[in-house]
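Here is the structure we will look at, set down as structure tokens.
In the numbering used here, the protein residues as written are 1251 to 1870.
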């Protein structure tokens, strides 16, 4: 699809046709390790690519050349086309090697770079100063257009250097002043916030085709989760109707791969047709959560079947024999338009075999949810096996999680998203298996997050550690809404499992940071609304006191796991091994295993046996 765009940053203006590939800021591009390119024939490898880092930018400063930054993804169709056309053009190759320092970034491996330099879609092409500041950015360009722009950038940098750096310095000063002058809003979170976000969701609902907005149309997993959660808590049937209309439409559309299962990433049309054919672990994890929740709320067998289909796809295609889950499978329109029999005659699309910690945390949590909802022990075993692989290979005690594993090595330490999604998975594993080492690892990760990423003065959490804030746009650490909201959700869970007030205090501070701006995110504030809901409302907390191997304890625990409540924490405390004090409450050790159900400042009497537990929960 061709459009015409103005590329104007820091005074350089040119009008060029540009092809827009993917359009959402959740897409994840490819990159530098081995400089992976399109799987089809191309010459992009003849460009003298550098890794993002001090060496590349030091070379740019020494040679006084601009940097050409290319951000793409192994699964991205237009990234492949860009490699095969523009970046394979001999004149482009010569121009980049002569007049620029070319840097290639894999955005799946470097989301912190992608989030600061993405220019509307993939591939992103950015021309930077040797200090890493943007001169001009855009997406896909044909060879002649690219050459014209690159030549203009080279000339502009040579003749307007002083003006360019003056503008950069002025922009930096303004940004610093703006940040320092920001005040944390007063007040406390209330239930009005999720109600307002739900109002925005209603306004964007597509009552004809389901889903939200027009085109391109993405599944919006957190929006569905919020709708189902709020329906369960408020009994507002309109919210259930919006959620189920969306779930029904997606599973009946071209977005769902009927031949091999799994969902494609998004559709280019409002009716969910004409999908972009990449399959992402992240996206399928979110949709697995939604269909499991849909099944738990409604009991519809079709939702269970879709959930099982997603797991079947992931087990067959994105499952590492070492224990983790792979990142994605390439878009290949020709392949995916074939039926199942014809696909067997063709090689399947390439799989990105890197193990990304944040996405693994997401899918591990949903395999555990699948065990809780569907009762298949294999799902739990698979999740625990993945946790072992990630904690063995990508966790460092006292330092947190690394971002990804490649060839058995963990790389890129300290990103916020990796810490909180993995901690969330570990908490779910602890609640479900009663293995306390999972809770201890989660607490270690969150303590590292607090030490390295928490803004103790103004509240909230930065996306990268201070030592990573060195080059260009990375010198300003960001507080992303979604990752902060997810951090709050993890802190909420830890607070109610341990009673440690510091978790609750930091959660409240993080929520306050976004009081005045969450509405700017429209439906993307759904995770924030969920975090607020879980902060202001006490969960149903089920604490089971008894020996962990006692059949009576196991029966109470198994029943507690099966009971569906959107906001619930559960744990088994063994008097011989675990502290029996959770916050202000100390549970008595007893000869007979007992369950205590607490919520909103009150606790049940000791409940003995599955029947008593079930009956008490029904009355809550």
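Glycine included, C-beta positions come from ideal geometry on N, C-alpha and C.
- Under a 10 Å Cβ-count criterion, residue 1865 is classified as exposed, with fewer than 16 other Cβ atoms of the shown protein chains found around its own Cβ.
- Nearest Cα to residue 1644 within the set 1661, 1510, 1467: 1661.
- It is roughly 6 Å from the alpha-carbon of residue 1504 to the alpha-carbon of residue 1522.
- In the assembly as shown, residue 1291 is an exposed residue. Its beta-carbon has fewer than 16 other beta-carbons within 10 Å.
- Proximity to residue 1419 across 1384, 1402, 1451 peaks at 1384, based on C-alpha coordinates.
- Its Cα nearest to that of residue 1556, the residue 1537 stands out among 1537, 1719, 1311.
- By the neighbour-count criterion, in which a residue is buried when 16 or more other Cβ atoms sit within 10 angstroms of its Cβ, residue 1625 is exposed.
- As DSSP reads the structure, residue 1844 sits in a beta bridge with 1795.
- Under the three-state reduction of DSSP output, residue 1595 falls in the coil class, being neither helix nor strand.
- In this structure, the beta-carbon distance from residue 1539 to residue 1616 falls below 7 Å.
- For residue 1597, the number of other beta carbons within 10 angstroms of its own is below 16, and it is reported as exposed.
- The three-state reading of DSSP puts residue 1704 in strand, counting E and B together.
- Distances from the alpha-carbon of residue 1713 to those of 1445, 1849, 1820, 1733 put 1733 closest.
- The three-state secondary structure of residue 1453, taken from DSSP, is helix.
- If you draw a straight line from the Cα of residue 1648 to the Cα of residue 1470, it is about 34 Å long.
- The residue among 1704, 1421, 1664 with its C-alpha nearest the C-alpha of residue 1723 is 1421.
- Residue state for residue 1300 is assigned as strand, using DSSP reduced to three classes.
- Among the bridge pairs identified by DSSP, residue 1378 is matched with 1317, 1384.
- Residue 1516 places its beta carbon 7 Å or farther from that of residue 1583.
- Rounded to the nearest whole angstrom, the C-alpha separation of residue 1849 and residue 1789 is 6 Å.
- For the set 1293, 1743, 1393, 1347, the Cα lying nearest the Cα of residue 1317 is the one of 1347.
- The stretch 1433-1515 contains, as complete alpha helix (DSSP H) runs of 4+ residues, the segments 1442-1454, 1471-1484, 1487-1501 (chain order).
- Sequence-distant partners of residue 1816 (beyond 5 residues in either direction) whose C-beta falls short of 6 Å from its own C-beta, in its chain, are 1479, 1482.
- For residue 1818, there is no enclosing alpha helix (DSSP H); the enclosing beta strand (DSSP E) has its first and last residue at 1818-1823.
- Closest in alpha carbon position to residue 1585, among 1576, 1577, 1578, 1595, is 1595.
- Residue environment analysis places residue 1699 among the buried positions, since at least 16 neighbouring C-beta atoms fall within 10 angstroms of its C-beta.
- Two segments are said to touch when three or more pairs of C-beta atoms, one from each, lie closer than 8 Å; by this definition the stretch 1607-1621 touches the stretch 1659-1675.
- For residue 1619, the number of other beta carbons within 10 angstroms of its own is at least 16, and it is reported as buried.
- By the CB criterion at 7 Å, residue 1795 and residue 1847 fall outside the cutoff.
- Listed in chain order, the non-local C-beta contacts of residue 1535 below 6 Å within the same chain comprise 1612, 1613, 1616, local neighbours out to five positions each way being set aside.
- The C-alpha of residue 1632 is placed about 15 Å away from the C-alpha of residue 1642.
- Under the three-state reduction of DSSP output, residue 1612 falls in the helix class.
- Between residue 1779 and residue 1739, the C-beta spacing is not below 7 Å.
- Per DSSP, the continuous beta strand (DSSP E) segment holding residue 1662 begins and ends at 1659-1663.
- In this structure, the CA atom of residue 1423 is about 10 Å from the CA atom of residue 1429.
- Annotation: residue 1869 to residue 1668 spans about 38 Å, alpha carbon to alpha carbon.
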